[in-house]
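First up is the structure itself, then whatever we jot down about it.
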Amino acid sequence: MSNGFNFWEMCFNFGAVGEDMLKRAVDLDDLTKEEYKTITGQEYLQ
Numbered sequence: 030m031s032n033g034f035n036f037w038e039m040c041f042n043f044g045a046v047g048e049d050m051l052k053r054a055v056d057l058d059d060l061t062k063e064e065y066k067t068i069t070g071q072e073y074l075q
């Protein structure tokens, strides 16, 4: 898991961030596409 995974997962689960913000985290290499799918349950699509 990336260093940011736990942070982003917690924020998403609490409703503090949405899928758009997680996509931005992937773009910035703070999350991987696989981690995005783990958190959201959806494939990462640009």
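Each residue of the sequence shown is one higher than the one before, counting from 30 in this note's numbering. By construction, the Cβ of each residue, glycine as well, lies at the ideal position given by its N, Cα and C atoms.
Residue nearest to residue 62 within the set 43, 73, 36, 41 is 73 (criterion: CA-CA distance). Secondary structure of residue 45 (DSSP, three-state): coil. Around the Cβ of residue 54, a 10 Å sphere holds 16 or more other Cβ atoms; the residue is buried. For residue 64, the enclosing alpha helix (DSSP H) starts and ends at 62-69.
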